[in-house]
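In what follows, a structure is listed as structure tokens, so that the remarks can point back to it.
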Amino acid sequence: MRLANYIIKRLFLLIPVLLGVSIIVFTLTRISGNPAAGYINEKMTPSQIAQVYEKYHFDEPVYTQFIYWLDGIIHLDWGWSKTAALPVTDALAYYFPATLELTLVSIIMAIFIGIYLGIGSAVRRNKLFDHSTRVISLIGVSLPVFWLALILQFVFYYYYGLFPSGGRASNIYYLTQSIPDITGLILIDSLLVGNFALFKDALWHIVLPAVTLSFGTIAIVTRIMRNSMLEVLSLDYIKTARAKGLNERSIIWKHARKNAMIPTTTVIGLSFGGLLGGAVLTESIFSWPGLGKWSANSIRLFDYNSVLGFCLMIAIIYVLVNLVVDVMYAYLDPRVRLE
Amino acid sequence: MEGTAAEPKKSKGSMAIVFLLVGLLIGAAVGAGAMMVLGGGDDEEESYGNYLLDGFKLELFYNAGNVNREMACQILKQNLEELNPGKIVITVTGVEWSQYLELRTEGAMPAMFLGWAPDYADPDNYVQPFYHQSGTYASMCGYGNDTLDEMITDAATELDVDARAAKYKQISMDMYEECVFIWTAQATNFHAERDWLTGYEFNPMFSGLIYYQYDKPDTAPAGAPAGYDGDTFLMATISGNPESLDPAIGYETAGGEIMQNVYETLLFYNGSSADELVPVLATEVPTVDNGGIQDNGTTYIYNLRTDVKFHDNNTMTSEDVRYSIERALAINDPHGPAWMLGQVLIPDYYDYGAGEWNDTQGAFVPGVPLDVIADAVWASDADTVQFNLTTAYPAFLYAMCYNVGSVISKAWVGEDYGFDEDVNMLADDMCGTGPYAFVSWERDNQIIMKAFADYHEEPAAIENVIIKQVADGTTRILMLKNGEADCVAVPRAQMNDVRVDGINITEGIGTFNVDFLGLNQDLNIEAQPNPENTNVPSDFFADKHVRLAFAHAFNYDQYIEDGLAGTAIQPNGAIPQGMFGYDASVPIYTYDLDLAAFQLYLAKTPVEAEGAGANFVNEIMARIGF
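Residue numbers (our numbering), protein chains in the order written: chain A, 1 to 339; chain B, 340 to 965.
This is how it looks when you write it as structure tokens:
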């Protein structure tokens, strides 16, 4: 019951957070340029431009515009996304599954690989494995995503032909309209309908973008995991466990790992939120039709409704992910009290 | 008359002008110096009464990120400042797109680098917006000329082809003299596709590709990848969704490409010709001789084919044609293409607003009243449609070839023109008569079309078309080289990357897209964002000599070669090469700094100078007849 109360309390806290975010982002879209620019083209006459101002209230004070916009947000009318040719709420729902699928696969890869490498480095501290991992981590955080994406694409698509250039599935599935739409996540939907060939195909398509996206996160998770693991391994209860004669594998993977996961969980949570909103370059290079590609196009085309909707959604996701992370703390460390 | 010479040619006349100017400058300096020594000078700057010697300050703007416009501004700056270093000062400023539009709207932009692409292949679609005082760009530049307006109307309504061509030539010649706009570039095409494709034809009026033209081998040819599919055409294009797939609303090329393959118009352009029209849903092109054009060009009668089926299997009738036109005018989207029909079909067309859904009535209320539309278009019988124009307008045949003239299935659309409250069914669904039927549109990913088996001609040779958005240019090129894509959009900077075996290139054919520099003759001085960078009066560009000076100070070859990677030619006026009304004998402005200097010399500053040098020079100029 305490957990439920805590979650409800945190959800109520969403309101001031979202209000703050919306005021900041709305103001930024207004001071960074004329919001009418996205609706005006070079062929329009002055009277047509005046119509645009009137229709979208651009000729009114900023606070009045904000009230109009906020009223729409409350009534689930988030405006029209010119970039997607859809209402913003529909556009968010439309693009979210593709990004979520890519993010989930990336974060799963990052968790498994990062934790394994982090623990391995801590256990083999200052050995070859640790040094190698350090180099890999350094490369991971240093490499520009677009460069890595292009190199992976060149080598594994163009040169060796092992993976596709991009997209979520092969053309044949689109031509035969045999991609189920249950959750919007092709990997899950294909399993739900028992289409294993499609599952395999979707998995084949997601490898390169997921590797690209997860590379930086793997590096961060590895470093955090290594540090916290080293700290935990020096604690008394580990010494006690060793003194009791427990085998080293059990000490590391059962007793130390769980406690070392606490700071790592925070990083993973934040990375998850970041990946959801920051896959712009990866999605563009691998033609992945998700939120990142859409938001980048929206910014390019001055589609402020879409930009605002995107920012608001990412803010909601961040808050929710943080909530999940806090709840997980309680699971990982019973000493943490949710109040 | 293409301006392709690498170096400006200097005529003997212009060399003489140089000598004269140099002499005048020396004379002015000596005269002024002498007067100062004799006590006639003071600490104030001398004024010579012209912009060459007095100089001027001007600020040019471009929208930040547009490297071509930035380069064009820099070229002008460099060349103009060279005419009188230190006295002529041009500031080049990049502003955000929104501010760029604001400056333009406020009339605060002195010189505007812009571009124009046609809606239909007729010179009226160029001269009207540029030269008629009600036109978008003429009004933007504060230019108005009643005589010219009459000439434009006269040419637009002329029925005789030769007489019409002569009238456009006259307009072009007059406008060359007037130099209201400086025509900087007419883009040429660059098209790259796999060598196993056949059938490609370029037409500057096409929005993208017409896939019906194409064929490819059923079995994998040499160089094809393992997954080669002879039944599917994969086009990898740039990022960007159609704004709408509704032909009454869509007014851009991403949606236009889909419409031109799924919908059909009564007539369409013949192959690569933008001049010649052929019947598509009509049985023949209306002419005066065949009775299709009557009443001095104000009545158009189209006889229709009777064997045309829509993708929903309904047979096309004249009612579908009439309804399609009615629907476009009823919706009358002010940002859409309905004006092309309304301007000549509806009396006082611009008095009508947009149609919209009315919650009280629970129905769609037309923008142009239905009784007014009924007077403009009607079905004479089951396979004849008649249009009543408000004035003769030969371009009507071409305007009807734009997507707004597409014929849609009335039965499929249903009530309220396909609207249910604010939702327009036709925005993302289609039912036409074209060789390809619409299958699906996955936003930011791809659009799929499938060959229509009951097409009224031979069905399309390639069964499936996938138009895939691939944002990254390098990825698109890899897809083309790999053979996964049959054709891709190649970024201008990466053209040389696709000049390899297995890829066919078509390039150098003129599109109808023209870049131009508009010179604002009614500059809003008060609205200048950086007033210290401008000291010219608001009517600076109202002086033809100033405009001509700018025209001769622009290095067209440099702009085309360096800025546009050579993918353009220098136009000689508003009407692009390849379009009816274009005349090669109309001259182009040459890049000639001597002439530019001379024109600036002839341009008088607002207050006639009283300085000694000015009197001295002006007296000489008056004596030799300037």
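Glycine included, every Cβ here is placed at the ideal spot set by N, Cα and C.
Chain A contact for residue i (CB, 8 Å cutoff)
i, result
"B/Leu817", "yes"
"B/Arg838", "no"
"B/His674", "yes"
"B/Ser437", "yes"
"B/Thr444", "yes"
"B/Thr432", "no"
"B/Met375", "Because B/Met375 carries a pLDDT of 46, less than 50, the predicted location of this residue cannot be relied on, and the following value inherits that uncertainty. Cβ-Cβ to chain A under 8 Å: no for B/Met375."
"B/Asp381", "Confidence in B/Asp381 is poor, its pLDDT being 45 and thus under 50, which makes the residue's placement unreliable; the coordinate value appears in the next sentence. Answer no: the Cβ-Cβ gap between B/Asp381 and chain A never drops below 8 Å."
"B/Lys807", "yes"
Short CB-CB distance (under 8 Å) between residue i and chain B
i, result
"A/Ile206", "no"
"A/Leu150", "yes"
"A/Leu203", "no"
"A/Leu28", "no"
"A/Tyr94", "yes"
"A/Leu320", "no"
"A/Trp294", "yes"
"A/Pro289", "yes"
Of the listed residues the options, nearest to residue i (C-alpha basis)
i, options, result
"B/Thr845", "B/Leu858, B/Ala828, B/Asp861, B/Phe395", "B/Ala828"
"B/Val601", "B/Tyr895, B/Arg838, B/Phe791", "B/Phe791"
"B/Gln509", "B/Leu941, B/Ala935, B/Val925", "B/Val925"
"A/Phe12", "A/Val319, A/Thr99, A/Ala330, A/Phe154", "A/Val319"
"A/Ile317", "A/Ser214, A/Thr103, A/Ser165", "A/Thr103"
"B/Tyr756", "B/Ser663, B/Thr492, B/Asp811", "B/Ser663"
"B/Ala561", "B/Tyr550, B/Arg533, B/Met918, B/Gln808", "B/Arg533"
"A/Tyr94", "A/Ser306, A/Ala330, A/Asp333", "A/Ser306"
"B/His530", "B/Ala575, B/Thr496, B/Asn418", "B/Ala575"
"B/Phe400", "B/Asn423, B/Glu421, B/Leu442, B/Glu420", "B/Leu442"
"B/Ala923", "B/Glu385, B/Ser511, B/Leu391, B/Gln438", "B/Ser511"
Counted within 10 angstroms of its Cβ, other Cβ atoms place residue i as buried (16 or more) or exposed
i, result
"B/Tyr689", "exposed"
"A/Arg125", "exposed"
"B/Ile521", "buried"
"B/Gly589", "buried"
"B/Ala824", "buried"
"B/Gly372", "In this prediction, B/Gly372 scores a pLDDT of 48, lower than 50, which makes its location untrustworthy; the coordinate-derived value is nonetheless stated afterwards. Exposed, by the Cβ-count rule."
"A/Ile67", "exposed"
"B/Asp461", "buried"
"B/Asp646", "exposed"
"B/Tyr930", "buried"
"A/Ser165", "buried"
Under 8 Å between C-beta atoms of residue i and residue j
i, j, result
"B/Arg666", "B/Ala718", "no"
"B/Ser748", "B/Asp651", "yes"
"A/Ile107", "A/Phe272", "yes"
"B/Arg644", "B/Leu606", "no"
"B/Thr604", "B/Thr730", "no"
"A/Trp294", "A/Arg168", "no"
"B/Ala892", "B/Leu941", "no"
"B/Asn978", "B/Ile899", "With chain B represented from 340 up to 965, any question about residue 978 of chain B goes unanswered, as that position is not in the structure."
"B/Val804", "B/Leu397", "no"
"A/Ile315", "A/Leu18", "One point to set straight first is that residue 315 of chain A is Ala, not Ile, in the sequence displayed. Yes, Cβ-Cβ distance for A/Ala315 and A/Leu18 is below 8 Å."
"A/Val185", "A/Glu101", "The amino acid occupying residue 185 of chain A in the given sequence is Leu; Val does not appear at that position. Contact flag set, yes."
Through-space distance from residue j to residue i, alpha-carbon basis
i, j, result
"A/Gly309", "A/Thr83", "12 Å"
"A/Tyr174", "B/Phe758", "28 Å"
"B/Ile864", "B/Thr906", "36 Å"
"B/Gln599", "A/Ser81", "25 Å"
"B/Leu324", "A/Ala37", "Limits of chain B in this structure are 340 at one end and 965 at the other, which puts residue 324 of chain B out of reach."
"A/Arg242", "A/Thr212", "39 Å"
"A/Thr176", "B/Met788", "12 Å"
"B/Glu445", "B/Ala866", "7 Å"
"B/Leu862", "A/Pro61", "28 Å"
"B/Ser570", "B/Asn629", "A small correction: the amino acid at residue 570 of chain B is Asp; Ser does not occupy that position in the sequence shown. Going by the C-alpha atoms only, they are around 41 Å apart."
"B/Asp513", "B/Gln909", "18 Å"
"B/Gly404", "B/Glu489", "40 Å"
"B/Gln552", "B/Gly538", "5 Å"
Contacts that residue i makes with chain C (C-beta to C-beta distance below 7 Å)
i, result
"A/Pro46", "Absent from the structure: chain C. Protein chains present are A and B."
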